[in-house]
Structures are given as C-alpha cells and as structure tokens.
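Undergrad: The structure follows.
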Amino acid sequence: MIQMTFEDEKFKFLMKEALLELIQEREDIFYDLFSEVLEDYALAKAIDEGMSSETVSREEVFAVLETDG
C-alpha cells in the first residue's frame, strides 16, 4: 500500500475543500454538467437499444406518430 506523507494528506484535504466550495458556490455549473451527462447517457442507451431492435419502415414510424399526435 502506498504511504501518504503529511504533505500529500494536506494536499488531498485542500483539494476536497476547494472542490466542495466550488460545488456550493457554483451549483448551476454542476447542475448543467450533470444534466448533460445524463442526457448523453440516455441517448447512448437509446441508440444501443435501437441498434438491437427490429427495423421498421419510415411509413410505420410516421403512422405511429400521426395517431399519437
């Protein structure tokens, strides 16, 4: 196991404190960041599911969209 020196521990503590302060002061930035990450994840998951699902024609898609709208 790697042994941390006092300076390493102090640096780690200061980094945690700085990150926590940044998150608290700029909550809007982190909200936007996490929203983007979740949207990207959901889109990637939908694409993966679409790649493994049955192919349908364009007409079938529009028929479903027109009946639901």
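Numbers 8 to 76, taken from the numbering used here, label the letters of the sequence shown in order.
Cβ atoms here follow ideal geometry from the backbone N, Cα and C, with glycine treated the same way.
(1) If you draw a straight line from the C-alpha of E66 to the C-alpha of L50, how long is it?
(2) Flag this pair as yes or no: are the beta carbons of I30 and F41 separated by less than 8 Å?
(3) Could you give the residue range of the alpha helix (DSSP H) that holds S64?
TA: The relevant details are as follows:
(1) 23 Å
(2) No; because the gap between Cβ atoms is not below 8 Å, this pair is not in contact.
(3) Note, S64: premise wrong, no alpha helix (DSSP H); not H, not E.
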